[in-house]
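First up is the structure itself, then whatever we jot down about it.
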Amino acid sequence: MTAAAFNVLFSHWRYRPLQLVTLIMGVALATGLWSGVQAINAEARASYSRAASILEQADLSQLIARDGEGIPTSVYARLRRAGWQVSPVIEGNHRFGTTSVRLIGIDILTMPEEGRGFAVSGSPDLVAFASGQGQLLVSMNTAARLQGVTQIPLRISPDLPDDAAFLDIGMADRLLARNGVLSRLIVAPQNPGLPALESVAPELVFKSGGQANDVASLTDSFHLNLTAFGFLAFVVGLFIVYSATGLSFEQRRSTFRTLRSVGVSLQSLTLMLLAELLMLALLSGVLGVALGYVLASTLLPGVSATLRGLYGTSVPGSLSLRPEWWATGLGMAFFGTAVSASQSLLRLWQMPILASAQHRAWAMASNAATFIQAVGGAVLLGAAILLALLGHGLVAGFAVLGSLLIGAALLLPLALSTTTMIAQSLSRGAFTSWFWADTRQQLPGLSLALMALLLALSANIGVGTMVSSFRQTFLGWLDQRLAAELYVTARTEEEASRLRDWLPGRVRSVLPVWNSEGEVLGQQIQIFGVADDATYRDHWPILLGAPDLWDMLATKDAALINEQLWRGSDVGLGKMITLPGGWEARVVGVYSDYGNPKGQVIIGLGSLIAHYPATAKLRYGLRVEPERVDMLRRQLVDDFGLPDENIVDQASLKRQSRVVFEQTFAVTGALNLLTLAVAGFAMFSSMLTLSGQRLPQLAPLWAMGLRRRDLALLEVIRTVALWFATFLAAVPVGLLLAWVLLAIVNVEAFGWRLPMTVFPFDWLKLGAVALVAALLSVLVPVRRLATVNPADLLRVFANER
Amino acid sequence: MKGSRIVHSIVACVMALTPLSEVASQGFAGLASGAEGFDQPRRGNQLSFPQDHGAHSDFRIEWWYVTANLTAQDGRRFGAQWTLFRSALAPGDKPGWSDPQIWIGHAAVTSSERHYVSEKLARGGIGQAGVTTTPFEAWIDDWNIKGRQGTSQDELDQLQLEADGDDFSYSLALATAKPLVLQGDNGFSLKSASGQASYYYSQPFYDVQGDIKLEGIDVTVSGKAWLDREWSSQPLATDQTGWDWFSIHFDDGSKLMAFRLRDNDGGFVSANWISADGKTEILKPEDVRMSPSRSATVEGRAIPVAWRIEIPSRKLSIQTEPLNEQAWMKTTTPYWEGPIAVSGTASGVGYLEMTGY
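Protein sequence lines, in the order shown, are assigned to chains A and B. According to my numbering, the first sequence is numbered sequentially starting from 32. According to my numbering, the second sequence is numbered sequentially starting from 2.
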């Protein structure tokens with residue numbers, strides 16, 4: 032009996048394969064987008080924590096200097112002689128030619144195995160590592176980049192992230208000119224009964240292992256961003272499932288009644304339907320996870336480019352199957368199916384056994400519901416405004432985004448029904464009047480799909496505006512920032528000194544690009560020294576500052592700070608900041624510094640040399656007449672003897688920066704498009720649902736003499752009208768979204784604020800894409816309507832309803 | 002000589018299996034001509050103290066090696082070992098992290114039930130490990146041998162030893178009024194028929210008082226200790242596969258140092274009889290017969306833990322038995338080293354070290 036009943040229930044799908052496909056596709060798409068995004072996040076997070084655990088030995092406890100100034104070797108020896116099992120690390124960035132690599136100098140003799148960053152596979156490696164010329168342990172990619180720019184033998188360790196090298200501490204000490212000042216001490220596990228740290232080395236503080244690392248918190252914003260997108264897509268996907276399950280239940284009402292009548296209990300009927308849903312959820316969940324995998328694999332190279340461009344972190348472009356995303360993906364599939372089917376199941380539960388199998392067209396939803404929905408939307412919009420005014424932090428920023436989007440979506444049905452009401456009252460003919468009334472009547476059934484469309488469209492407009500504003504600002508900023516025509520890097524100090532003698536007379540001016548590193552306001556940041564040169568006065572992108580700031584920089588203890596540092600601290604113009612080495616400088620200006628995740632300080636060249644004499648003096652920007660650039664480059668290579676790879680011209684630097692930028696937002700663009708596709712699909716499935724139910728409403732019109740073709744055309748017009756109204760509504764919502772992104776989220780996430788620029792042409796493109804989606808979605812139902820058998824229309828009148 | 006094999010193979014293991022010449026050809030800073038950059042022991046060179054208690058960084062390998070046979074008040078017997086090896090990747094000292102000296106510490110305590118071992122590694126030049134002569138101190142991390150201030154003639158006459166590891170620690174006071182013993186030819190000790198040699202002197206006459214702590218329980222101990230000092234630049238001959246070394250305190254106060262280097266042939270035997278007043282007699286190799294009498298399985302290999310030693314010229318025929326057969330030094334380069342008891346025509350205690358098994 033049960034088997035037979037189940038067979039009957041399930042036969043529905045055999046006759047309506049398109050509906051089955053819609054349902055499965057809906058869940059699969061929603062799950063796919065969600066789990067794809069989660070997969071990317073999981074991969075990136077795993078990669079950060081791997082990088083942190085390898086590069087920063089983050090799983091192990093560490094000792095760091097209380098004042099942030101580094102640890103003298105004597106303190107290390109003192110700790111060892113007191114029985115502390117600590118191991119020293121000297122690290123810092125070093126340039127080989129034009130390639131900057133993070134050097135991590137370790138003492139192989141005392142470093143616990145888990146802190147070595149590579150498997151000790153056979154001892155012969157170690158002598159090469161720790162003596163003579165030494166060895167740089169690097170990843171494959173880094174090795175390729177270092178090939179030819181260093182004499183130090185390279186050894187490839189697949190465990191290592193890119194742009195980092197492990198080497199012997201002695202060599203790191205020499206290359207980084209640290210004179211024995213250690214960066215930190217790793218504390219080996221299992222140290223029994225030690226004298227207290229305060230009594231041995233009061234100048235150090237203990238930092239226990241396994242703490243969240245900088246990169247992870249730095250990139251949190253980015254991942255939150257992706258998650259938000261994934262969730263948006265998921266919600267949009269659920270609209271599809273909701274309408275598909277609703278439809279399947281509607282159409283099987285008579286089946287349900289028959290089954291109940293022949294003795295199937297409500298309980299077992301519900302169980303059967305649940306089992307059916309479970310099977311469908313499982314099937315589409317698996318499909319969705321597979322889809323997510325494909326999506327993530329496709330997007331991951333873009334994401335890793337983004338992360339490298341924005342945060343300088345390195346995430347491999349390959350994806351592994353991690354339970355944290357495929358399991359949650361499946362979970363979301365079940366959850367989504369359950370949520371979207373719950374209303375239909377509830378209705379079934381409440382249905383009297385022998386209720387007539389009358390089709391409850393969804394149009395029965397009352398105006399009251401629309402109104403309540405709209406009130407909810409208004410409340411959310413109000414909350415968004417309050418949050419924007421009062422909230423702080425990234426989560427608040429995203430909460431503003433969420434409230435804004437959902438609030439706007441909830442208001443949409445009321446807005447549309449009001450519009451149609453006005454249109455109806457303005458229309459004269461009975462036919463037009465009927466058209467608007469009918470449109471309004473259909474709104475509740477379509478409203479979910481339209482809301483999905485609104486979400487997708489406004490997200491597109493918002494994110495698109497943000498990216499385009501960013502691009503415009505960034506390119507302008509690049510022009511200012513990269514003012515020198517050529518950038519050269521000497522290989523050694525000796526060569527640099529020769530270069531300084533060789534250049535005058537051949538160039539208009541030489542701008543040293545020298546920097547030191549140290550802790551400022553609790554952050555490890557770079558400190559640049561700038562020459563007193565007109566280039567900076569004319570070009571440097573200053574956001575805030577005194578008119579004579581360049582004079583002050585050249586003559587006094589003055590400093591410029593970048594926007595990130597300025598926004599992240601309470602240091603304003605005119606305040607003093609303490610720089611590494613303990614000296615103070617007055618902040619005289621703030622400059623924009625896009626694409627840099629960290630704080631930065633600029634001081635006068637004289638101050639840099641005076642306070643940080645060990646600074647490497649290898650890099651220079653050269654100002655020359657544009658037409659002389661090529662000649663100078665040739666001279667540098669042929670006459671002076673600098674390798675060509677140590678010379679970069681402005682144009683190619685800009686080109687590289689642009690590529691980085693475009694890659695950075697490629698993922699956002701792809702997700703945007705996918706969300707739109709899902710929304711289109713939602714529209715399609717809603718149309719499909721409605722078209723089946725609309726025959727009874729259309730039959731009388733047909734009977735009154737309207738041709739089927741005209742009826743179909745009317746459907747198309749209606750769809751286009753609704754689409755257009757939704758699009759119109761999406762524009763202001765999208766612009767608000769862009770404002771929130773630029774003024775709140777970006778500031779929190781990146782530390783910089785960009786001016787907003789509006790690009791109406793982009794909206795037109797988007798509108799056209801959405802229109803195509805809407806037309807496609809109406810195509811199948813309309814075709815069906817245009818070719819419907821007149822007998823079916825007639826039967827409407829004959830039927831029991 | 003003892004320990005040469007060990008330090009050599011430790012350095013080989015820790016740093017490289019690469020022959021030195023090959024390492025050198027990769028370009029040690031300041032090393033002009035391969036292994037020849039290191040100094041070599043020369044016969045007839047007079048050792049002078051306290052300078053020679055310190056490190057000889059122009060030689061490739063060197064050690065400070067103490068073994069002690071200890072007895073608790075209740076009669077239980079123990080052994081203790083404290084060793085500091087120095088191994089140079091290049092001759093000479095350099096300041097800071099560029100110093101080419103590597104230091105290795107081994108500490109052990111042996112009871113009849115368990116053998117406790119610990120190892121430490123450190124680079125030179127930064128104060129983590131090293132040796133000073135006046136006052137004498139040899140240290141690596143928190144392990145050290147310190148010369149105690151007193152009316153001693155030599156800096157090594159009064160020493161304090163400290164070391165610890167998992168489940169064990171010890172603090173031992175060593176004292177003697179007897180002179181140092183120069184091994185071999187006035188401190189020049191031949192190592193193989195092909196002429197490899199080292200500088201080698203000992204202080205075998207220490208009386209020991211102190212405490213050992215095993216698994217949290219303190220035990221007061223007393224006994225005898227033996228210190229070896231040796232430095233050289235020569236790796237062992239390539240055909241030498243391993244090494245059996247004895248240091249024995251006889252009850253009458255006399256001492257015996259004997260070793261056999263194993264090779265494919267008859268091996269290279271060297272022995273020194275030290276009378277209770279410190280006079281030494283180099284025994285003829287053919288006068289010293291060393292043969293294993295019993296093997297035991299230690300860490301999956303057969304180790305000759307009991308030995309018969311005969312020296313016909315001295316009418317000596319003794320049998321050695323280990324306090325603990327499983328005295329396996331599980332260090333970077335593993336070897337067997339532990340206390341022994343001696344019986345036969347003379348009785349006493351001592352230490353046995355065996356490598357290459």
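Ideal Cβ placement from N, Cα and C applies to all residues, glycine included. The structure presented is a predicted model; accordingly, all values stated were derived computationally and were not measured.
Residue span of the beta strand (DSSP E) that contains residue 89(B), given as start and end: Per DSSP, the continuous beta strand (DSSP E) segment holding residue 89(B) begins and ends at 78-89.
Applying a beta-carbon distance threshold of less than 8 Å, which residues of chain B neighbour residue 140(A)? By Cβ distance, chain B contributes 15, 103, 122, 123 and 124.
Determine the extent of the alpha helix (DSSP H) in which residue 356(A) is found, giving its start and end residues. Where residue 356(A) is concerned, the enclosing alpha helix (DSSP H) stretches over 354-381.
So is residue 43(B) buried or exposed if we call it buried at 16+ other beta carbons inside 10 Å? Around the beta carbon of residue 43(B), a 10 Å sphere encloses fewer than 16 other beta carbons of the protein chains shown; the residue is thus reported as exposed.
With H, G and I counted as helix, E and B as strand and the rest as coil, what does DSSP make of residue 693(A)? The DSSP-derived three-state label of residue 693(A) is helix.
Would you tell me roughly how many angstroms separate the C-alpha atoms of residue 765(A) and residue 682(A), rounded to the nearest one? Rounded to whole angstroms, residue 765(A) to residue 682(A) spans 35 Å at the Cα level.
Let me confirm a value: residue 595(A) is counted as buried when at least 16 other C-beta atoms fall within 10 Å, else exposed. Which label applies? So residue 595(A) ends up on the buried side.
Taking only beta-carbon positions, decide if residue 211(A) is within less than 8 Å of chain B. Interface annotation, residue 211(A): in contact with chain B, CB-CB separation under 8 Å.
Under DSSP, the beta strand (DSSP E) around residue 244(B) begins and ends at which residues? That run of the beta strand (DSSP E) goes 243-251.
Say whether chain B places a C-beta atom closer than 8 Å to the C-beta of residue 113(A). At least one CB of chain B lies nearer than 8 Å to the CB of residue 113(A).
Segments assigned beta strand (DSSP E), at least 3 residues, entirely inside the segment 282-333 of chain B: Segments of the beta strand (DSSP E) lying fully in the segment 282-333 of chain B: 290-299, 302-312 and 317-323.
Cross-chain neighbours of residue 204(A) in chain B, by beta carbon under 8 Å: Correct list: 97, 98 and 99.
Kindly indicate which three-state DSSP category residue 287(A) falls into: helix, strand or coil? Residue 287(A) falls in the helix class under three-state DSSP.
Just checking my contact of residue 165(A) with residue 139(A) at CB under 8 Å: how many whole Å lie between their CB atoms? No, residue 165(A) and residue 139(A) are not in contact; Cβ-Cβ is about 11 Å, not under 8 Å.
Going by DSSP in three states, residue 520(A) sits in which element: helix, strand or coil? Residue 520(A): strand per DSSP, three-state reduction.
Apart from the five residues on each side of it in sequence, which residues of its chain come closer than 6 Å, Cβ to Cβ, to residue 255(B)? 276 and 277.
Can you list the residues of chain A that residue 128(B) reaches, using a CB-CB cut of under 7 Å? Residue 128(B) reaches chain A at 105 and 108, counting residues in chain order whose Cβ is nearer than 7 Å.
Does any residue of chain B have a CB that is nearer than 8 Å to the CB of residue 201(A)? Chain B places a beta carbon closer than 8 Å to that of residue 201(A), counting this residue as a contact.
With C-beta atoms as the reference, is residue 1(B) less than 8 Å away from residue 79(B)? Nothing can be reported for residue 1(B): it is not among the residues displayed for chain B, which extend from 2 to 358.
Closest by C-alpha distance to residue 85(B), when choosing among 103(B), 95(B) and 336(B): Among 103(B), 95(B) and 336(B), the Cα nearest to that of residue 85(B) is on 103(B).
Quick one, are the C-beta atoms of residue 107(A) and residue 127(B) less than 8 Å apart? Contact flag set, yes.
For a contact meaning CB atoms closer than 8 Å, what does residue 140(B) contact in chain A? Under the 8 Å cutoff, chain A gives 112.
I'd like to know if the segment 195-211 of chain A and the segment 115-130 of chain A are in contact, where contact means that at least 3 CB-CB pairs between them fall below 8 Å. Contact between the segment 195-211 of chain A and the segment 115-130 of chain A is present, because at least three Cβ pairs lie under 8 Å.
Whose C-alpha, out of 318(B), 342(B) and 146(B), is nearest the C-alpha of residue 107(B)? Nearest of 318(B), 342(B) and 146(B) to residue 107(B), Cα basis: 146(B).
At the level of alpha carbons, what is the spacing between residue 39(B) and residue 233(B)? Looking at the two C-alpha atoms, the distance is approximately 9 Å.
Contact defined as beta carbons within less than 8 Å: I believe residue 358(A) pairs with residue 312(A). What is the distance between those atoms, to the nearest angstrom? In fact, because the Cβ distance is near 14 Å, the residues do not count as touching under 8 Å.
Quick one: Cα of residue 72(B) to Cα of residue 191(B), how far? Looking at the two C-alpha atoms, the distance is approximately 34 Å.
Take the Cβ of residue 57(A) as the centre, count every other Cβ of all protein chains shown within 10 Å, and call the residue buried at 16 or more, exposed below. Here residue 57(A) is buried. Its C-beta has 16 or more other C-beta atoms within 10 Å.
Using the Cα positions of residue 625(A) and residue 783(A), report the straight-line distance between them to the nearest angstrom. Between residue 625(A) and residue 783(A), the C-alpha separation is close to 7 Å.
Buried or exposed, going by whether 16 or more other CB atoms sit within 10 Å of the CB of residue 298(A)? Exposed, because fewer than 16 other Cβ atoms sit within 10 Å of the Cβ of residue 298(A).
Can you confirm whether residue 219(B), when its beta carbon is compared against all beta carbons of chain A, has any partner nearer than 8 Å? Output row for residue 219(B): interface = no.
In the DSSP output, which residue or residues are listed as bridge partners for residue 260(B)? As a beta-bridge residue in DSSP terms, residue 260(B) pairs with 246(B) and 271(B).
If distances are taken between C-alpha atoms only, which option among 167(B), 326(B) and 288(B) comes closest to residue 316(B)? Of 167(B), 326(B) and 288(B), the residue nearest in Cα terms is 288(B).
Using 8 Å as the limit for Cβ to Cβ distance, is residue 143(B) near chain A? Yes - at least one Cβ of chain A is within 8 Å of the one on residue 143(B).
Identity of the residue in 56(B), 113(B), 348(B) and 139(B) nearest residue 249(B) by Cα: Ranked by Cα distance from residue 249(B), the first of 56(B), 113(B), 348(B) and 139(B) is 348(B).
DSSP state of residue 355(B) mapped onto helix, strand, coil: Of the three classes helix, strand and coil, the one that applies to residue 355(B) here is strand, per DSSP.
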